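Below: one structure, written as structure tokens.
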Amino acid sequence: MHEETSPHPIEPNRDAQIHFRVTADEKKAIAAKAKAAGFKKVSDYLRVVGLGTEVRKCYPLNYESSSLVLAQI
Numbered sequence: 008m009h010e011e012t013s014p015h016p017i018e019p020n021r022d023a024q025i026h027f028r029v030t031a032d033e034k035k036a037i038a039a040k041a042k043a044a045g046f047k048k049v050s051d052y053l054r055v056v057g058l059g060t061e062v063r064k065c066y067p068l069n070y071e072s073s074s075l076v077l078a079q080i
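Counting in our numbering, the final residue of the sequence shown is number 80, and the numbers go up one at a time with none missing.
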């Protein structure tokens with residue numbers, strides 16, 4: 008018997024949502040980074056970035072210069 012395999016991996020059922028607010032400029036910057044990285048969807052980009060980094064130290068946010076230190080897992 009010949010087993011057929013799909014050339015595309017099966018996506019997990021993603022039914023939970025995360026909502027957060029950004030400024031219009033932040034949204035444009037995030038979308039530009041997603042596009043530059045080759046993502047078709049901003050949500051895919053944010054998922055990869057969010058799951059692929061770990062916050063080592065978090066300082067109170069200064070909106071003029073963010074002070075998050077990120078490290079690749």
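The beta carbon of each residue, even a glycine, is placed where N, CA and C say it ideally should be.
Since this is a predicted model, take the numbers as computed values, not measurements.
message = How far does the alpha helix (DSSP H) with Ala39 in it extend, from its first residue to its last?
response = First-last of the alpha helix (DSSP H) with Ala39: Ala31 to Ala43.
query = In whole angstroms, what is the alpha-carbon distance linking Phe46 and Leu58?
reply = Cα atoms of Phe46 and Leu58: separation of roughly 15 Å, rounded to the nearest angstrom.
query = Name the DSSP bridge partner or partners of Lys47?
reply = In DSSP, Lys47 forms no bridge with anything.
ask   = What is the C-beta distance between Ala41 and Tyr52, in whole angstroms, given that I count them as a contact (C-beta under 8 Å)?
value = About 4 Å; that satisfies the 8 Å criterion.
ask   = In whole angstroms, what separates the C-alpha of Arg21 from that of Ser50?
value = Looking at the backbone, the Cα of Arg21 and that of Ser50 are separated by about 11 Å.
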